[in-house]
Each structure stands twice: as C-alpha cells, then as structure tokens.
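By the UniProt record's numbering, the letter at position 179 of the sequence shown is numbered 179, and the numbering carries on one by one without gaps.
Even for Gly, the Cβ is constructed at its ideal location relative to N, Cα and C.
Okay, so here's the structure we're looking at.
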Amino acid sequence: MFTINHWFHRNPLKSTAIVSFDHRTSPSSTDAMQICNQLRQLRLELLQLLCNPTLETSNIRDTFDQYMSLLTGFVISPDGSSDDSKLRFTTKFYWSDSLTKTDIITDVQDAQFEICCMTMNVAMWYTKHAAYVASKSSMPSDKDALDVHKSLRTAAGMFKHVMDVELRKLHDVKLPSCSDLNEKILAAYYYSCLGEFHEVTVARAMSAKQDNALISSISNQISQYFDMGGQQLVSLDEKIIGQWRMYFGLKSKFYLAEARAYQALDFLKKNDAPNSLKAAEEASKVQQQAASFCEQYSKTKGAGSPQRHPFFLQLDSLIRRVQSTVDFENNIIHHKRAAADLAPLDNNPTHGILPAEEYIPAKLNSLFSENTYRAFDIGRNVGKPYKEDKHAREVKEAREMPIPQGMPPSESACTIA
1 MFTINHWFHR NPLKSTAIVS FDHRTSPSST DAMQICNQLR QLRLELLQLL
51 CNPTLETSNI RDTFDQYMSL LTGFVISPDG SSDDSKLRFT TKFYWSDSLT
101 KTDIITDVQD AQFEICCMTM NVAMWYTKHA AYVASKSSMP SDKDALDVHK
151 SLRTAAGMFK HVMDVELRKL HDVKLPSCSD LNEKILAAYY YSCLGEFHEV
201 TVARAMSAKQ DNALISSISN QISQYFDMGG QQLVSLDEKI IGQWRMYFGL
251 KSKFYLAEAR AYQALDFLKK NDAPNSLKAA EEASKVQQQA ASFCEQYSKT
301 KGAGSPQRHP FFLQLDSLIR RVQSTVDFEN NIIHHKRAAA DLAPLDNNPT
351 HGILPAEEYI PAKLNSLFSE NTYRAFDIGR NVGKPYKEDK HAREVKEARE
401 MPIPQGMPPS ESACTIA
C-alpha cells in the first residue's frame, strides 16, 4: 500500500445517435436478422455501460468485444470475396466529439467510422475508470493501484491502435478540425495515457524509497510525455483545446520540477554540493512555472472541469524539503556555491518505463458465416437515396456518472505554492 494522490483532466465521452442496422442491409434470413438485432442491442448496452466508470473492466471489454466481433462483418468481407464487406457503406453513423460535445455532429456512412469512434470511446472509459479508482483513496490497495496502471496502459494501446491502424482504413471523410479522429488529438490522448500510467510507477518508486536517480529519471520521462501531448494541440483552436493544453503544460512542469528535486538529492548523496544546489534551485523555478500553468488552467473555458486536489500540494512540500535539506547539508558540511551550469537530466531510466499495452481487436463472430453474409440482400437498395431519420441528428450528451477528485484543500481551482 502506498500514497497516490493523483488528479486527472477528463474530457466528456463521445455521444452518438441510435443506429438501426437493418435499415439498408435487408437481412433475409433468421441469422442475418439476429446479427442486426444483436448489434443494435449490444451497442445500446455498451453506450449505457460506458457512462459508469465504477464498473469492472471485464464488464466493458466483454460487451465491447461482442459488439466489435459482429461489427467486423460490416467492414471485412466474411466470405473473402473482396477486401471490404458489401455492408460497409450501408449504414450511417452519427457521433459527437469529446472536445466540442454535441455542438458538432459528424455523420459518416461507413462502418469503419463506427469502429474508430467506438474504440476511442471505450479507451476514454478506461481513463475515466482509472480516475475513479484513483479517487477512492489516497492510499489504495495494491489491486487498485494495478487497476489504475493497467487501465491507463490499456487506453494508451487503444488510442495508438486507432491512430496507427483503424484511422488508415478511413478514406475521403471530412472531419471537423478538432475531431477526435484528428491525428493530433489522438496522439494527445495517447501521450496523456503514457504519462498518467507512469505517474503510478513513480509514486510506487517514491513510496518504496527507490534510488533518487531512478525516480528523477522516471519523472523526467513523464514530463516529456506530457510535453509531447501538449505539443500536439498547439496548432488547434485555443478556445476548444485551451484548458486541456494547460493540463499538459501543468503536468509537464510538475514532473520536471520533481525530476530536478530528486536529481538534487542524488547529487547530495554523491557529495556533489554545487550540482545539488543548482538542481534544487531549478526545481523551485520550475515549480513556479507549474503554478503559473495551474492559474491559467483554472481561468480557461475549454472542455473539462478544473478540480481542487491535494495532488498539487505535494510538490510544494517536496521542493521545500529538498531545498531545506540541500541548504542545511551545504552550510554544515560542504560550504560550496551552486554550479554555474545546470546538469542534464537522465533520459534513459534503467527500468520502470513501459510501452502502451498492445490492443488486439475481437475476431469475426462465428454467427457471420458465408451463408449468413449472403443473406444480406443489399441489392434491393441500389440506386435508392439514403433516407435520413428525422431524429438522427438529435444526439444527446451521454449522462456520465461524475468522478470525485478528492476533498478540495482550498478555495482555489488548484494550488501548487
């Protein structure tokens, strides 16, 4: 058991309209009709489950895999007669984006679009589940800590899969500039998850009193992940992504300050007072930069809600303790001045850094046999215009269960110093 006071920014889930899978697919057999009914029911069930971050991950993954195993038959030809399923472009899907909520609805008549959007929505659920588990206690059980770590690592793998594999199969689709399927936004979600699951790693390393150099190195790597995530958003509309970008900047500076603080302790242990003093000085400077990002974050009107959390108070305590220790040791023993130049941070942790967990999509459902596939008589609708349901664009925001972020330590949105 160890202390883990984490605070996470979370954008809203994507929202979508109800889909009738038999509208233009014309199922003419019992199995074909069953596939359409199961797709409709599983989709509704999954969307309802995603609103609850308290559920076990197995509940979500089982339903998601069942849905995707059937939906795959709408993208890949089950009988191997062609690369694309004849059903791929029969059904239109309507989705909102996590950054613009239901202000903008994108409709695409392509089942591949559904695969991208639903996979991303499930990945977002994993991040929300991790935030919920982390919020339950500042001293979680080992099981809970592993759940947070694995959920975020799983989400990172899913975002990466959509970015590297599924998005490449989507062609000639016009998307809003801040669409979740914009590669820069997908990359930002990916880097956010990489940084966040390693936050659990470094918290454990600190609790276990691992080597100061190792803690510094891991913290520096986390800082770089958040910095890379923030860089993805620089060219996008500040009114939409502003708050989220501030989150990346805040976390990047937070862990850079932490990396410098532990670097100072590492130098002190090696009796290198000049470099220790310089690193501690830099830690304090970066801490103030983190405080500035925190202030900017609380003033922005982008997606998400700022939260007050003791997570931000830990840095101030750490910096004060390190500065006091370094100054005391120098005044009593070393009597040195701070080094003129700042020593570089270690960019290659000896251990503790892991890649995203590889996402393996569900295989085609056995119900989608060659005979069942042939029973979809889409020829009936050839040449007929697509009749859009008059309520199709009435996409309502998902009713998500709120995630507590701990007791607010003060009246400010977040406090570092």
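Query	Result
What residue range does the beta strand (DSSP E) around Tyr247 cover?	First-last for Tyr247: 238–269, but that is the alpha helix (DSSP H), not the beta strand (DSSP E).
Please report how far the alpha carbon of Ser298 lies from the alpha carbon of Asp22, in whole angstroms.	47 Å
Going by beta carbon distance, what residues of the same chain come within less than 8 Å of Val234, once the five residues before and after it are set aside?	Arg245
Look at Ile222 and His198 and say whether their C-beta atoms are less than 9 Å apart.	yes
Please classify Phe293 as buried or exposed, where buried requires at least 16 other C-beta atoms within 10 Å of its C-beta.	buried
Please tell me whether Tyr189 and Gly242 are closer than 9 Å, where the distance is taken between their beta carbons.	no
If you run the structure through DSSP and keep just helix, strand and coil, what is Val173?	coil
Just to confirm the assignment, what range does the beta strand (DSSP E) spanning Thr106 have?	101–108
In this structure, does DSSP put Thr325 in helix, strand or coil?	helix
Over the uninterrupted alpha helix (DSSP H) stretch that includes Trp125, give me the two end residues.	111–136
Which same chain residues end up closer than 6 Å to residue 419 when comparing Cβ atoms and leaving out the 5 residues on each side of it in sequence?	This structure cannot speak to residue 419, because the chain is shown only from 1 to 417.
Taking just the CA atoms, how far does Ser252 sit from Ile332?	34 Å
Select from Val122, Arg88, Gly73, Lys136 the residue whose C-alpha is nearest the C-alpha of Phe159.	Val122
Starting from the Cα of Ser324, find the closest Cα among Pro349, Ala280, Ala340, Asp103 and give me that residue.	Ala280
Residues in the same chain with beta-carbon distance under 6 Å from Arg40, minus the five sequence neighbours each way, listed in chain order, please.	Phe21
With DSSP collapsed to three states, give me the class of Ser298.	helix
Taking buried to mean at least 16 other C-beta atoms within 10 Å of its own C-beta, is Ile360 buried or exposed?	exposed
Between the alpha carbons of Ala338 and Asn275, how many angstroms are there, rounded?	6 Å
Compare the C-alpha of Ala131 against each of Ser317, His9, Asn348 and name the closest.	His9
Would you say the beta carbon of Lys269 is closer than 8 Å to some non-hydrogen atom of the ligand ZN?	Summarising the ligand content, the structure contains no ligands, and the ligand ZN is consequently not present.
Give the straight-line distance between the Cα atoms of Gly302 and Glu329, rounded to the nearest whole angstrom.	Legend: pLDDT at Gly302 = 46, less than 50; position of this residue unreliable, value from coordinates given subsequently. About 45 Å.
In this structure, what does DSSP give as the bridge partners for Ile76?	Asp84
Within the continuous beta strand (DSSP E) that includes Phe376, where are the two ends?	Element bounds for Phe376: n/a, residue is neither H nor E.
Name, in chain order, the residues that DSSP records as bridge partners for Trp95.	Thr16, Thr106
Go ahead and label Thr119 buried or exposed: buried means 16 or more other beta carbons lie within 10 angstroms of its beta carbon, across all protein chains shown.	buried
From Pro82 to Ser58, what does the alpha carbon distance come to, in whole angstroms?	The sequence as given places Ser at residue 82; Pro does not occur at that position. One C-alpha to the other measures close to 34 Å.
Are the segment 199–215 and the segment 257–272 touching, with three or more C-beta to C-beta distances below 8 Å?	yes
Find out if the Cβ-Cβ distance for the pair Ser219, Ala259 is shorter than 9 Å.	yes
With burial defined as no fewer than 16 other Cβ atoms inside 10 Å of the residue's Cβ, what is the status of Glu397: buried or exposed?	exposed
Tyr225 lies in the alpha helix (DSSP H); which residues open and close that run?	212–232
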